[in-house]
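In the numbering used here, the protein residues as written are 5 to 615. By construction, the Cβ of each residue, glycine as well, lies at the ideal position given by its N, Cα and C atoms. Report on the structure given below.
Below you can see the structure in the form of structure tokens.
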């Protein structure tokens with residue numbers, strides 16, 4: 005049974021093994037590898053460059069164990085390592101050996117080494133030599149011969165030097181690496197940060213070893229994400245770990261998960277003169293950062309010289325995001341809560357859990373004499389914008405959702421996804437025209453248009469991200485949309501969505517999240533300035549949900565650098581921040597359900613306006 009299990013696990017590991025080998029800029033040392041459930045294969049599958057084997061000479065056999073009491077008759081060097089390595093070579097899983105065995109002798113050096121060389125004779129074709137420069141090397145650690153005897157041994161036998169005393173007289177051509185106990189330099193446990201003085205000692209020794217063009221390893225070292233990152237950044241050549249798969253996954257994604265701010269913006273400084281003023285709100289702006297949780301906001305701040313426009317605001321709170329039928333909302337239910345004040349099932353747009361159509365805020369405000377509009381970096385049929393005009397139980401029924409836009413009470417729409425209105429049987433563009441919408445040919449046309457109702461499709465399908473050149477689309481859309489709505493000489497409501505923060509979360513892309521958030525924040529800065537110039541404006545900034553369970557384990561404020569850790573690739577139930585500025589902004593303090601955003605807005609509308 006045990007043999008069948010190991011065979012199954014071996015073949016299950018083959019895809020990982022083929023993918024892993026030779027793909028990383030870091031190197032892992034699989035400490036005490038023989039203690040794993042499947043020795044060698046797990047380390048090989050994780051791409052380890054160094055695999056540690058403890059050897060004890062007993063009864064003319066080389067047994068794999070740390071001490072004699074733990075010896076098992078089947079756990080020999082040949083059974084656990086040499087035969088599997090030869091099998092990997094036969095199956096073509098290696099393109100030359102980019103790993104070595106670090107063989108730690110627990111018994112007397114000379115006798116143990118003599119037997120090792122004897123037992124390895126049948127495996128010489130796969131071992132390192134002048135004629136096989138990519139062959140397998142064995143590095144002898146633990147009990148070793150005297151340094152002056154190193155040259156007596158074959159080319160595939162090298163040695164692990166274990167002393168702080170480094171000089172040019174050492175037999176460097178037979179020394180493969182330098183290894184020392186980490187505790188000789190530091191007492192750091194891998195949590196938080198290493199103290200600077202200890203770090204300097206480590207760096208000094210690493211640099212000294214590198215001056216002899218040799219790699220360095222530390223045993224008894226901390227074995228955590230913080231430690232792996234620290235050793236990687238310090239230039240430790242072989243990172244010691246008992247968790248090779250976890251270390252590989254973490255370090256493989258490290259460069260992708262670290263964002264370093266290259267492009268930053270200077271926030272606008274609000275004057276706060278009319279912030280919270282109890283005056284009639286004639287302009288209500290709701291800005292939604294899709295997927296923008298507190299960690300995403302914090303990351304943008306750290307990447308932007310520790311500052312953002314939105315974090316300057318004083319009236320703030322937290323919003324609970326749960327859907328009617330699920331702990332974790334999607335954008336359809338989240339958008340519906342903001343648009344209608346009612347909880348919806350996930351995937352439903354403007355529909356209650358009982359199937360009843362929920363009147364949305366643009367329909368209600370129309371009765372109060374408001375104009376309204378939506379601007380998004382998503383398709384216009386996307387869940388969040390669609391929640392402000394559609395009533396349908398399934399967010400992905402694109403044609404049915406598109407049919408609601410011509411019938412809506414919107415005066416303006418700007419976003420992507422023109423093809424969603426033409427690819428089905430009915431041409432929805434004709435319906436938009438029949439219902440009085442004039443389609444603009446450019447963003448610049450929007451602000452000066454005298455048409456009654458207008459729309460602009462910025463792309464045939466989805467909108468590009470900031471990384472792919474979207475540029476100032478959101479800022480220009482916002483400015484021109486407000487100009488158009490101002491020209492109507494009526495109170496207005498405008499929903500502005502930054503949609504691709506969410507996409508960055510789903511894709512676990514730190515750069516997408518930060519670039520999209522900073523674009524959103526620049527628009528927020530312009531809107532704050534607009535409120536200062538137009539005191540009868542209420543600005544609300546929030547999110548429909550958090551995406552990816554982001555945390556920020558490390559960073560460097562001076563370098564505008566932040567490290568992301570992703571605990572999901574989907575939405576989470578974490579509360580999201582809400583900010584408000586301008587007329588009656590104090591109403592939005594506190595912790596409350598997402599549906600309350602709608603009700604707070606409507607309370608103010610009913611106070612100052614009549615149907």
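For residue i, three-class secondary structure by DSSP
| i | result |
| --- | --- |
| residue 118 | helix |
| residue 160 | coil |
| residue 97 | coil |
| residue 340 | helix |
| residue 67 | strand |
| residue 480 | helix |
| residue 131 | strand |
| residue 104 | strand |
| residue 180 | strand |
| residue 172 | coil |
| residue 605 | helix |
| residue 84 | helix |
| residue 575 | strand |
| residue 35 | coil |
| residue 191 | coil |
| residue 488 | helix |
| residue 198 | coil |
| residue 151 | helix |
| residue 75 | coil |
| residue 61 | strand |
| residue 124 | coil |
| residue 590 | helix |
| residue 113 | helix |
| residue 276 | coil |
| residue 518 | helix |
Interface flag, residue i vs chain C, CB-CB below 7 Å
| i | result |
| --- | --- |
| residue 455 | The question asks about chain C, but that chain is absent: this structure has only one protein chain. |
Member of the options whose CA lies at the smallest distance from the CA of residue i
| i | options | result |
| --- | --- | --- |
| residue 244 | 78, 257, 194 | 194 |
| residue 156 | 343, 117, 330, 78 | 117 |
| residue 523 | 185, 291, 573 | 291 |
| residue 89 | 139, 569, 183, 554 | 139 |
| residue 543 | 368, 557, 418, 314 | 314 |
| residue 479 | 329, 466, 404, 534 | 534 |
| residue 604 | 273, 344, 270 | 344 |
| residue 154 | 179, 442, 246 | 179 |
| residue 536 | 348, 584, 518 | 584 |
| residue 440 | 446, 94, 415 | 415 |
| residue 595 | 36, 324, 399, 499 | 324 |
| residue 213 | 443, 60, 461, 169 | 169 |
Nearest-angstrom Cα separation, counted from residue j out to residue i
| i | j | result |
| --- | --- | --- |
| residue 109 | residue 469 | 56 Å |
| residue 410 | residue 566 | 44 Å |
| residue 527 | residue 431 | 33 Å |
| residue 132 | residue 162 | 10 Å |
| residue 463 | residue 501 | 16 Å |
| residue 258 | residue 45 | 24 Å |
| residue 513 | residue 300 | 11 Å |
| residue 437 | residue 381 | 23 Å |
| residue 592 | residue 320 | 6 Å |
| residue 127 | residue 66 | 15 Å |
| residue 459 | residue 229 | 49 Å |
| residue 107 | residue 220 | 16 Å |
| residue 473 | residue 302 | 24 Å |
| residue 427 | residue 271 | 42 Å |
| residue 177 | residue 158 | 12 Å |
| residue 453 | residue 577 | 42 Å |
| residue 222 | residue 49 | 22 Å |
| residue 341 | residue 541 | 22 Å |
| residue 396 | residue 355 | 6 Å |
Neighbourhood of residue i by C-beta distance below 6 Å, restricted to the same chain and skipping five residues each side
| i | result |
| --- | --- |
| residue 3 | Nothing can be reported for residue 3: it is not among the residues displayed for the chain, which extend from 5 to 615. |
| residue 262 | 567 |
| residue 165 | 179, 182 |
| residue 487 | 451 |
| residue 145 | 106, 108, 164 |
Other residues of its chain near residue i: CB distance less than 7 Å, five sequence neighbours each side excluded
| i | result |
| --- | --- |
| residue 234 | 198 |
| residue 516 | 469, 471, 504, 507, 508 |
| residue 175 | 151, 154, 155 |
Neighbourhood of residue i by C-beta distance below 8 Å, restricted to the same chain and skipping five residues each side
| i | result |
| --- | --- |
| residue 360 | none |
| residue 273 | 316 |
| residue 466 | 382, 383, 420, 421 |
Which runs of the alpha helix (DSSP H) at least 4 residues long sit entirely within the stretch 284–323? Give them in chain order. 298–307
In the stretch 521–552, which residue ranges form an unbroken beta strand (DSSP E) of at least 3 residues, counting only runs that do not cross its ends? 541–546
Quick one: complete beta strand (DSSP E) runs, 3+ long, within the stretch 207–239? 220–223
Just to confirm the assignment: which complete beta strand (DSSP E) runs, minimum length 3, are found wholly within the stretch 413–461? 416–420, 441–443, 457–461
With a floor of 4 residues, list each alpha helix (DSSP H) that falls wholly inside the stretch 334–406, ordered by position along the chain. 335–344, 365–371, 387–390, 402–406
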